[in-house]
Structures are given as C-alpha cells and as structure tokens.
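Asks: Pasting a structure below so you can have a look.
Protein chains: 2
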Amino acid sequence: MQDVVKLTPRHSGAGELFQLLRDGRPRTRADLAAATGQARSTITARVDQLMSAGLIAPAGEASSTGGRPPTTFAFQPSARVVLAVDLGATHARLAVTDLASVVLAEGEAPIAIADGPDAVLRWVAEHGRKLVAEAGRSLGDLVSVGVGLPGPVEHATGRPINPPIMPTWDDADVRGLLSAELGGADVLVDNDVNLMALGEHRSAFPDVDDMLFVKVATGIGSGIISDGRLRRGAQGAAGDIGHIAVPGAEDVPCRCGNLGCLEAVASGRALAEELRREGLDAADGADVVALVRAGDLAAGRAVRQAGRELGGVLAACVSLLNPSLVVIGGVVAEAGEHLIAGIREVVYARSLPLATQHLRIVTSQARSEVGILGASAMAVDHVLSPVAIDALLEARIA
Amino acid sequence: MQDVVKLTPRHSGAGELFQLLRDGRPRTRADLAAATGQARSTITARVDQLMSAGLIAPAGEASSTGGRPPTTFAFQPSARVVLAVDLGATHARLAVTDLASVVLAEGEAPIAIADGPDAVLRWVAEHGRKLVAEAGRSLGDLVSVGVGLPGPVEHATGRPINPPIMPTWDDADVRGLLSAELGGADVLVDNDVNLMALGEHRSAFPDVDDMLFVKVATGIGSGIISDGRLRRGAQGAAGDIGHIAVPGAEDVPCRCGNLGCLEAVASGRALAEELRREGLDAADGADVVALVRAGDLAAGRAVRQAGRELGGVLAACVSLLNPSLVVIGGVVAEAGEHLIAGIREVVYARSLPLATQHLRIVTSQARSEVGILGASAMAVDHVLSPVAIDALLEARIA
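Same order as they appear, the protein sequences are chains R and H.
For the first sequence, the working numbering begins at 392 and goes up steadily by one.
For the second sequence, the working numbering begins at 392 and goes up steadily by one.
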C-alpha cells in the first residue's frame with residue numbers, strides 16, 4: 392500500500408501511538424507512556440495531534456489515588472467514514488461505515504458488471520455520494536473506499552487481471568476512476584472472495600489466526616487468513632481453488648477449458664445443471680437451495696455429493712495450510728447441513744489427525760453482509776495504518 | 392515467541408532502532424535520526440547502548456560537506472553466535488554461525504533419533520559446546536539455538552506432537568533440556584522441512600515473498616513462505632502434503648493407515664520399493680538417485696512418474712497459495728531433471744494461467760546445508776527482534 396500513501400521521512404510517531412488506541416479502550420497519558428516507553432512530553436504532543444484530527448477524544452476520568460483524576464482518551468470511530476462496495480456479476484451492494492466498520496447507510500441494486508468499468512464505477516460513485524449524504528456526512532469525511540470485484544485483482548495496483556466473467560475490466564484503473572469521482576479518497580480493490588474471508592474473520596472470528604473461507608456459489612473460490620492476516624499470494628490469485636482437479640471427474644468439462652475441475656462438479660451452476668438433467672426446475676444455486684429446503688431428495692443428495700467433492704479438495708487445503716477453522720459461505724452454503732456434512736465426511740477421513748484434531752468446519756456467520764464488512768475492513772485498515780495516520784496529520788499541519 | 396523473551400513495559404527503543412541497521416549498511420547518527428524522526432539525543436543514547444553491547448560498531452567516516460566528518464555505525468554480526476541443529480532420523484548436522492548465519496564451525500555424525508530426547512539432546516549439547524570452542528568463542532557468546540526435528544512440532548512451545556518416526560519424543564521439553572545444557576541460551580524448535588524452507592528463502596531467494604519448498608526424501612513434506620515469512624498454521628502442521636490423496640492410487644496403502652497418499656507413490660521409500668519389485672537393487676531414495684544417474688531407464692521412468700504424481704498435488708498447492716516459486720529439495724531432487732520435468736508437466740497442465748504465468752519450479756540451491764541455514768536464521772531472528780535486543784540491553788544494565 393506504499394504506493395497509495397507517501398511515507399514522509401520524518402514521521403511524527405502519532406500513527407504508531409494510535410495503534411494502541413484502536414481497540415477502543417480508554418487510556419490515560421500515563422498508560423500510553425508506560426506502554427510505549429516514550430516521554431510524557433512526547434505522549435502529550437501526540438495525543439494533542441490525534442485529538443485535533445478528531446481520531447481520539449477524551450473519554451472520562453480514570454480513578455485516582457489522590458489529586459486531580461487523569462483524563463482518559465479513546466478512539467473515535469465516527470471521526471471519518473469509508474465506502475464499502477461489493478460488486479457481483481449482476482448485483483451491487485454499497486455501504487457507508489464508520490472506522491469500526493459499523494454500517495451507517497447501505498443500499499443494493501441490480502447491475503450488469505459487463506457494462507464495463509466506466510459505466511459501473513460512475514454508478515457506484517453516484518450511489519456512494521448519496522449514501523454518504525444519507526449517513527449525514529460530507530464527502531470530506533470520506534477517507535477511503537474498499538471495492539470487491541468478482542475476478543482476480545492485482546492488489547498492489549487495484550487492477551483486474553484477465554477476469555473471466557468481466558473481460559472489459561481487464562487492467563482497468565479502478566482506483567483512479569473511482570477516486571476522481573469521490574473527492575480524491577484512496578481506493579483499495581480486491582477479489583470478492585478475499586474480502587469475504589476478511590469480513591468473516593473480522594466480524595465473526597477475530598481471534599482465529601488461521602482460517603480458510605470458501606465461497607460456493609455460481610463459481611467456487613476461497614480466501615486465506617494465515618497468522619491473522621489475509622494472504623493474497625504472488626499475483627493476488629491465492630485461494631483460487633475452483634479449478635483444482637477432482638479425482639474421478641476426468642470426463643467433466645469445465646468452462647475454464649480443463650477437465651474435472653472442482654467448479655465443474657460442485658458449484659451452484661454445476662448442481663443446477665445436474666438437477667435439470669434429472670428433470671427438476673433449477674436455473675442456479677439459489678434454486679438448488681430452494682429445492683433442498685423444500686425437502687427434494689434428489690437435490691439433497693446432489694448437494695451432499697457436491698460436499699464430498701469439495702471435501703476432497705478441502706482435505707488437501709487443510710493438509711497444506713493447517714487452519715483451525717474452515718468457513719463455508721456463498722449461496723449454496725445456505726442449503727444447510729447437507730453440504731457441510733459431505734465436506735466433513737471427506738475432510739475428516741482424508742486428513743492426518745494432527746491437522747484435524749482442533750479443526751472446525753462451519754457455515755458463514757456473516758452471510759450476505761460478509762463482502763461489505765470485508766471491503767470496509769480493508770478500507771479502514773488502510774486509513775488507520777501508522778503511515779496513513781502520520782500522513783493525515785502532516786496534511787493538516789501543511 | 393513472547394513466551395521466550397519477557398517484554399518489559401518500558402522498553403528502550405534501541406531494539407527498534409537496531410532493525411534499521413540489520414542490513415549491514417553503515418549509517419551516521421544523522422541518517423538514523425532522519426529515518427526514525429527521533430531526536431538526536433535519543434539516537435545518541437541508543438547508539439551508545441547498542442555499541443556497548445557490541446551489536447554495532449563504528450564503521451569509518453561519512454563524507455562531509457565541511458567540518459569534522461561524522462562517524463558511521465554498522466551491525467557487527469560477530470557480536471554473538473548461535474547454534475544450528477538439524478536432526479534427521481539417522482543423521483545430525485550441527486553448526487555454529489554468526490548473526491549473519493555465516494558458518495564458523497560445523498560437524499555431522501550418524502545418530503539414532505529413536506534413542507530419545509535425553510540421549511540425543513545431551514549428545515547435541517556436548518557437540519555444540521565443542522563447536523563453540525572450535526569457532527574460538529565462549530558459551531557466553533552463544534545467545535540462541537535453532538533446532539530442526541523430523542516430525543511435527545508445536546512451534547510456540549517447541550514440543551514435538553505425536554511425531555510418527557520419533558514416538559519417544561512426543562511432548563518432550565526440547566527447549567528446557569537443551570537450554571539447561573547450553574548455559575541457558577534460548578532454544579527455538581521447528582519441523583525440519585519448515586527450516587529447509589526458511590534456509591532456502593534466506594540464502595537463495597530472499598526477495599521472493601511467496602514460495603513453497605518441497606522436500607522429497609524418505610517422506611514428503613513442504614514449508615510455506617507467504618508474504619515473506621514462514622507460515623506454520625494453527626498447530627505447526629502447515630505444509631504437511633505427504634498424505635494428500637493422489638488420484639488413481641486408491642489401492643496403494645500408506646504407512647499412515649490411509650490409501651493413495653502422495654508419500655505412498657512418490658517418496659524415496661516408495662520409489663525404492665517399486666524398483667526392487669522390478670528386480671533392481673535400491674534400499675532408499677539415495678539408491679534411486681544413483682540408479683538414475685547411472686542411466687538406468689526404469690529408474691528414470693519411475694522418478695519422472697513420481698514427478699507427475701507430485702505435480703498433481705503441487706498444482707492444487709499452486710492454485711491455493713499462488714506462489715511465484717516452487718523449490719524441490721530432499722535427496723530425490725538430486726535425480727535432476729527427471730523429477731522436475733514430471734512436476735512441471737502436470738503443474739502447468741493443471742493450473743490456471745494467472746497462477747503459473749510467473750511461476751518458476753526449480754531444484755534447491757542450498758542443498759544439504761539448507762536445514763542448518765534455516766535453523767540458524769530462526770535462532771538469529773529470535774535474538775535480533777526489537778523485544779529481544781531491548782531485553783538483552785536491559786539485562787546488561789541490571
């Protein structure tokens with residue numbers, strides 16, 4: 392992210408101090424001095440800087456052993472807002488959140504990602520500005536934007552790379568286009584599944600350091616949290632498990648051009664196709680889920696078998712990554728226990744005891760909000776980093 | 392590692408300053424003040440602390456624009472030494488290195504890991520002390536020890552967890568036993584393949600942030616470098632790819648009790664067994680390599696097929712992790728191009744273009760030294776962390 396915020400050689404250190412306060416707990420100047428080993432005069436100066444930028448505020452008095460009780464200071468998540476954008480092939484969800492990722496205003500609408508970056512991003516900016524106003528804030532309060540796209544993204548530049556379902560977006564300057572429309576706010580872009588992993592991690596499992604989030608929808612993908620952080624790999628393509636080969640499916644063609652890919656046998660699209668061949672009325676994963684919920688046996692059986700196919704691939708992922716948690720999200724996960732049961736069956740059968748003795752496999756807790764929460768978290772992390780805080784304070788002084 | 396070094400609430404900040412100097416480049420006090428934004432008086436005090444501990448030393452004068460030229464200071468890797476220990480099932484390798492992982496003295500010997508932790512670690516300590524003397528240093532200079540073990544290790548505690556080939560080591564207090572014999576030096580323990588990954592990364596590919604190191608020997612395992620650091624997973628079992636299912640090998644029993652594991656079809660042990668069935672004389676992976684090098688066609692064919700089986704599993708690993716480099720090490724990798732060719736054949740056929748467009752697959756550059764280099768790097772990282780440096784300086788003052 393160094394290409395977004397310019398690091399000034401003489402940073403103030405206030406950004407570093409601020410990290411201690413991000414947990415929201417009120418602290419006195421003496422607490423901060425003890426925690427950092429910095430002189431009281433340094434702490435006082437930095438606290439004043441952070442206060443004048445509105446990032447922290449007095450939060451009452453600490454108990455005192457005599458004399459005037461000292462003031463405590465705490466993070467003010469309402470100091471600024473971010474815009475979270477979750478774009479799918481045919482659907483967009485937008486939210487304005489505060490710096491604690493609390494949603495202040497949100498909206499969703501059908502879109503066509505195929506309309507291309509100019510049209511779609513102009514629409515996003517327009518609706519984003521409306522949501523900022525709806526949240527009672529001005530564009531000057533908007534410090535960053537997090538965008539999830541349904542395809543591979545080079546995270547460092549925010550540019551999509553050969554995205555199969557949105558070819559007109561290849562190498563588009565998503566950052567530049569959106570920033571220009573939104574008062575120059577910094578724009579961060581990532582793959583939608585990475586942001587779902589981040590959203591699930593932050594909102595439901597913040598204490599789990601090693602987890603895998605798997606989206607089972609029209610396509611299949613995953614996002615990796617390792618040592619507490621999202622891992623994107625060398626080209627931002629980490630987690631792309633939809634085209635791993637499934638044993639025994641060598642004769643099933645995949646839309647990627649290969650044979651026997653996981654997506655070709657276990658995605659919402661593949662399940663719907665299979666049920667149509669059995670004479671059922673299923674256009675997509677949501678229809679498959681509806682059939683399962685209506686008690687259709689063939690649909691339940693097909694989803695359970697898809698779970699087993701997924702389980703074969705996830706067993707390999709579990710062996711490689713040794714997560715303590717696998718979260719299954721995406722529309723097909725809403726079929727409930729059928730999918731998870733199939734996954735568990737194979738993962739537990741095919742893994743070494745050490746990798747599974749503390750392994751949980753669960754469905755997403757954050758559900759449809761998960762992409763927005765991840766986009767917000769990415770945008771917030773960016774503006775609250777030590778370097779970004781120092782740059783913000785510097786800009787105020789200059 | 393917080394359980395090894397006690398963090399003092401008022402740390403001096405010298406440890407943080409030292410991180411800037413770890414690259415070995417000489418810097419003036421003014422350089423350090425500019426880079427950190429700290430006051431000259433603070434820098435002067437911290438430089439003095441680091442000098443008095445011998446961690447940095449004057450390194451000549453910088454050019455001056457007038458007046459007395461300022462002194463530069465640089466990291467002194469010879470300030471302390473670490474002991475690197477690489478234990479296999481039947482073989483041990485030990486080295487004393489400086490803080491830049493330069494080997495000062497080394498030795499190797501046959502051992503039997505099955506003799507158990509007390510006997511083996513006593514032997515390690517005895518030979519370690521000899522090597523320290525041989526390097527012309529005293530036990531007081533030895534600040535930490537890095538140990539690689541041929542089995543799963545809980546890194547936070549340094550204890551082996553149900554290690555299949557060394558059952559008597561289960562839950563052994565490797566840290567406590569070895570530290571007591573080596574003047575109280577901190578002891579860090581990890582799985583041998585993780586340390587091979589770390590050693591290869593640091594010595595041959597320091598600029599590659601996302602790589603996978605694969606060891607193909609009697610068993611098969613891997614170590615993951617992601618965003619520049621070794622990732623161990625929730626229980627320290629990450630990279631354990633030897634028991635991932637290989638399509639089409641469902642009838643091959645593995646010593647783990649499952650069927651069709653990668654290790655059962657592509658390890659040195661499996662290859663030797665296969666060649667014995669064909670009437671060849673091969674006890675282990677080294678014999679297989681010797682046959683390949685002697686031009687034996689059956690051996691070459693078997694190694695290439697093992698490469699393909701490995702390639703199937705590595706294609707899944709590449710899809711999941713998106714590394715830019717896969718390094719193949721271990722004794723079977725010394726069979727040369729036969730193994731790599733089989734691996735490449737399947738990985739490139741079975742991966743999405745985005746994951747492989749910048750992917751290199753190569754044999755280990757560090758070869759037999761790689762485990763020792765990794766053990767040294769782990770031990771050095773531990774003692775040169777900001778917290779550890781501050782603790783060391785504190786101990787000198789107290």
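Just so you know, even glycine gets a beta-carbon here, dropped at the ideal spot from N, CA and C.
(1) Could you tell me the distance, in whole angstroms, from the CA atom of A685(H) to the CA atom of A657(R)?
(2) Going by C-alpha distance, which of G676(H), L540(H), S570(H), L485(H) is nearest H518(H)?
(3) On the DSSP bridge list, what partners appear for P460(H)?
(4) Beta-carbon separation of A470(R) and T488(R) under 8 Å?
(5) Please confirm if C647(R) has its CB atom under 8 Å from at least one CB of chain H.
(6) Please say whether E664(H) and A689(H) have beta carbons closer to each other than 8 Å?
(7) Thinking just about the alpha-carbon of each residue, which of P468(R), T548(R), G659(R) is nearest to the one in L730(R)?
(8) Round the Cβ separation of D743(R) and D631(H) to the nearest angstrom and send it over; I've been treating them as touching at under 8 Å.
(9) Name, in chain order, the residues that DSSP records as bridge partners for V472(R).
(10) Applying the criterion that 16 or more other CB atoms from any shown protein chain within 10 Å of the CB defines a buried residue, is R401(R) buried or exposed?
(11) Just confirm the distance between the C-beta atoms of V717(H) and V709(H), as a whole number of angstroms; I'd bet it's less than 8 Å.
(12) Can you give me the C-alpha to C-alpha distance between V511(R) and V534(R), rounded to a whole angstrom?
(13) Can you tell me the Cα-Cα spacing of R418(R) and L412(R), whole angstroms?
(14) So, is the C-beta of I611(R) closer than 8 Å to a C-beta in chain H?
(15) Looking at chain R, is there any beta carbon in it that lies within less than 8 Å of the beta carbon of R401(H)?
(16) By DSSP, does G612(R) sit in helix, in strand, or in coil?
(17) Tell me which residue opens and which closes the alpha helix (DSSP H) that M442(R) is part of.
(18) Quick check: the stretch 619-639 of chain R against the stretch 734-754 of chain R, are there 3 or more CB pairs under 8 Å?
(19) Less than 8 Å separating the beta-carbons of A768(R) and G590(R)?
(20) Pull up the distance between the alpha-carbon of D672(R) and that of A496(R), whole angstroms please.
(21) At a Cβ threshold of 8 Å, is G428(R) touching chain H?
(22) Select from L666(R), A421(R), G612(R), L540(R) the residue whose C-alpha is nearest the C-alpha of H634(R).
(23) Counting C-beta neighbours from all protein chains within 10 Å, is the total for A563(R) 16 or more, i.e. buried, or is it exposed?
(24) Where does V680(H) land, buried or exposed, given buried means 16+ other C-beta within 10 angstroms?
(25) With a threshold of 7 Å on Cβ separation, who are the neighbours of A674(R) within its own chain once the five nearest residues in sequence on each side are excluded?
(26) In the DSSP assignment, what residue or residues form a beta bridge with N582(H)?
(27) Taking C-alpha atoms, which residue in V694(R), K521(R), L540(R) lies nearest to G479(R)?
(28) If L711(R) sits next to L711(H), beta carbons under 8 Å apart, how far is it from one beta carbon to the other, in whole angstroms?
(29) Cβ-heavy atom distance between S742(H) and the ligand SAH below 7 Å?
(30) Are there three or more Cβ pairs, one per stretch, closer than 8 Å when the stretch 565-583 of chain R is compared with the stretch 542-554 of chain R?
(31) Helix, strand or coil, according to DSSP, for M370(H) in the structure here?
(32) Rounding to the nearest angstrom, what Cα-Cα distance links L569(H) and A588(H) in this structure?
(33) Which word fits T427(H), buried or exposed, when buried means at least 16 other C-beta atoms lie within 10 angstroms of its C-beta?
(34) Ordered along the chain, which non-local residues of its own chain (more than five positions away) have a Cβ less than 7 Å from that of D394(H)?
(35) For N713(R), decide whether its Cβ has a neighbour in chain H, counting only Cβ atoms nearer than 8 Å.
(36) Is I734(H) close to chain R? Criterion is C-beta to C-beta, closer than 8 Å.
Replies: The short version:
(1) The alpha-carbon atoms of A685(H) and A657(R) are separated by roughly 47 Å.
(2) Comparing Cα positions, the closest option is L485(H).
(3) Beta-bridge pairing links P460(H) to no other residue.
(4) In this structure, T488(R) does not lie closer than 8 Å to A470(R) by Cβ.
(5) Contact with chain H is found for C647(R), since one of that chain's Cβ atoms lies less than 8 Å from the residue's Cβ.
(6) For the 8 Å CB-CB criterion, A689(H) and E664(H) do not form a contact.
(7) Nearest of P468(R), T548(R), G659(R) to L730(R), Cα basis: G659(R).
(8) A small correction: the amino acid at residue 743(R) is Leu; Asp does not occupy that position in the sequence shown. About 6 Å separates the two Cβ atoms, so the contact holds.
(9) According to DSSP, which records beta bridges pairwise, V472(R) is partnered with D489(R), L533(R).
(10) For R401(R), the predicted structure reports a pLDDT of 40, less than 50, and the residue's modelled location is therefore unreliable. A value from the coordinates is still provided. R401(R) comes out exposed.
(11) Contact holds; Cβ gap of about 7 Å.
(12) When rounded, the distance between both Cα atoms is 21 Å.
(13) Distance between the alpha carbons of R418(R) and L412(R) is about 8 Å.
(14) Interface flag for I611(R) against chain H is unset, since no Cβ pair is found closer than 8 Å.
(15) Bear in mind that a pLDDT of 40 at R401(H), under 50, signals an unreliable position, so the model cannot answer this.
(16) Annotated three-state conformation of G612(R) is strand, per DSSP.
(17) Going by DSSP, M442(R) is part of the alpha helix (DSSP H) stretching over 431-443.
(18) As far as the Cβ criterion goes, the stretch 619-639 of chain R does not touch the stretch 734-754 of chain R, which means the pair count is below three.
(19) G590(R) sits close to A768(R), with the two beta carbons spaced by under 8 Å.
(20) Their Cα atoms are separated by approximately 37 Å.
(21) Residue-level contact check: G428(R) touches chain H, since one or more beta carbons of chain H fall below 8 Å from its beta carbon.
(22) Selected option, being the one with the closest Cα: G612(R).
(23) Per the 10 Å Cβ criterion, buried.
(24) In this structure V680(H) is buried. Its beta-carbon is surrounded by 16 or more other beta-carbon atoms within 10 angstroms.
(25) Residues A663 of the same chain have their beta carbon placed closer than 7 Å to that of A674(R), with the five preceding and five following residues left out of the count.
(26) Note: N582(H) sits in a beta bridge opposite L540(H).
(27) Measuring from the Cα of G479(R), the nearest candidate turns out to be L540(R).
(28) Contact between L711(R) and L711(H) holds: CB atoms are separated by about 6 Å, below the 8 Å threshold.
(29) This structure does not include the ligand SAH; it has no bound ligands of any sort.
(30) The stretch 565-583 of chain R makes contact with the stretch 542-554 of chain R; the number of CB pairs closer than 8 Å reaches 3 or more.
(31) Residue 370(H) is absent from the model: chain H starts at 392 and stops at 789.
(32) So the alpha carbons of these two residues sit roughly 24 Å apart.
(33) T427(H) sits buried, since 16 or more C-beta atoms from the chains shown fall within 10 Å of its C-beta.
(34) Low confidence applies to D394(H): its pLDDT is 38, below 50, so where it sits in the model is not reliable, and the reading given next is rough at best. The residues are A547.
(35) The beta carbon of N713(R) sits closer than 8 Å to some beta carbon of chain H.
(36) Judged by the 8 Å Cβ criterion, I734(H) is not in contact with chain R.
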